[in-house]
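Take the sequence shown: its letter number 59 is residue 69 in my numbering, and every next letter is one higher.
Glycine residues also receive a C-beta, built at the ideal position from the N, C-alpha and C atoms.
Heads up, the thing below is written out as structure tokens.
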Amino acid sequence: MLALITYTFGAEVGEGAGEQKETMLSLLKKGGPVMFPLGIASILALALGLERFISLSKEKVLPTGFLEGLGQAWNSDASGNTAEKYCDDSLGSCGHIFKAGIQWRNEGYQAVSKAIEDAGAKEADKMKRSLRPLSVIAGVCPLLGLLGTVYGMIDAFQKTADSGGAAKTADLANGIYQALVST
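Next up, the structure:
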């Protein structure tokens, strides 16, 4: 963590005397105004990714020992009421899916199959809930990068036009540099 902070905010001495290496923060500043929304989108994507990673841990989907416990509950009571209660008490998604099948146990194979399929689709939708914003971020960020590229190139050519065509090479290079950073 300390290395990341040092790299982001600190300046490192380069190979040449007095030469300094770019820091992440200075690079972000040189990227222009488009870097701010790109940074926010990156932080949001990281937060959503971490939330999904935690939410979809194995313990939350299929708790350890669930299947063994369900088998014991089913074997202890032929009516299935104990197994249904066991699924109710389970915190995992699999408990909800199995419960749906157990509730329709007396209606035949097709009804049980349909109930499990419907419950599985419902649980899958719950699991996918934060993936929609992630897909939006994944679609928008490349467009923001392209916007930054266009902005940097417009800036470079605007400086050339303002100088009457006699712009310094450094001015043109700065605009191109800004365009490439945001890309």
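Identify whether residue i lies in helix, strand or coil by the three-state DSSP scheme.
i      : result
LYS95  : helix
ASP165 : helix
THR193 : coil
GLU127 : helix
ASN184 : helix
LYS138 : coil
LYS132 : helix
SER173 : coil
THR33  : coil
GLY118 : coil
Would a C-beta distance cut-off of 8 Å place residue i and residue j closer than the cut-off?
i      : j      : result
ILE147 : ALA57  : no
THR170 : LEU157 : no
LEU80  : PHE108 : yes
ALA166 : GLY185 : yes
LEU153 : ARG62  : no
PHE129 : ALA110 : Sequence inspection shows Ala at residue 129; the Phe mentioned does not correspond to that position. Contact flag set, yes.
Buried or exposed: where does residue i fall if 16 or more other Cβ atoms within 10 Å of its Cβ makes it buried?
i      : result
MET45  : buried
ILE112 : buried
ALA88  : exposed
ALA189 : buried
GLY162 : buried
GLU127 : exposed
SER96  : Note on residue identity: the sequence assigns Tyr, not Ser, to residue 96. The residue is buried, with at least 16 neighbouring Cβ atoms inside 10 Å.
THR159 : buried
Below 7 Å CB to CB, which residues in the same chain sit around residue i once its five sequence neighbours on both sides are set aside?
i      : result
TRP114 : ALA121, VAL122, ALA125
ALA55  : LEU144, ILE147
CYS151 : LEU48, ALA51
ALA180 : none
Which residues in the same chain have their Cβ closer than 6 Å to the Cβ of residue i, if we skip the five residues on either side of it in sequence?
i     : result
LEU14 : Confidence is the limiting factor: at LEU14 the pLDDT is only 47, short of 50, which leaves the residue's position unreliable, though a coordinate-based value still follows. Answer for LEU14: no residue qualifies.
GLY41 : VAL191, SER192
PRO43 : none
LEU38 : MET45
ALA27 : Summary for ALA27: the model assigns pLDDT 47, below 50, so the residue's position carries little reliability; its value from the coordinates is reported in the next sentence. Around ALA27: no qualifying Cβ.
Could you pull out every residue in the same chain whose Cβ sits closer than 8 Å to the Cβ of residue i, ignoring the five residues on either side in sequence?
i      : result
THR92  : ALA83, TRP84, SER86
LEU72  : GLY102, SER103, CYS104
LYS138 : none
GLY90  : TRP84, ILE112, ARG115
GLU94  : LYS109, ILE112, GLN113
At the 8 Å Cβ level, is residue i part of the contact set with chain C, yes or no?
i     : result
TYR96 : Any reference to chain C falls outside this structure, which holds one protein chain only.
Practice item. Return the chain-ordered ranges of every beta strand (DSSP E) run that is complete within the stretch 36-110 and spans a minimum of 3 residues. Key: With a minimum length of 3 residues, no continuous beta strand (DSSP E) run stays inside the stretch 36-110.
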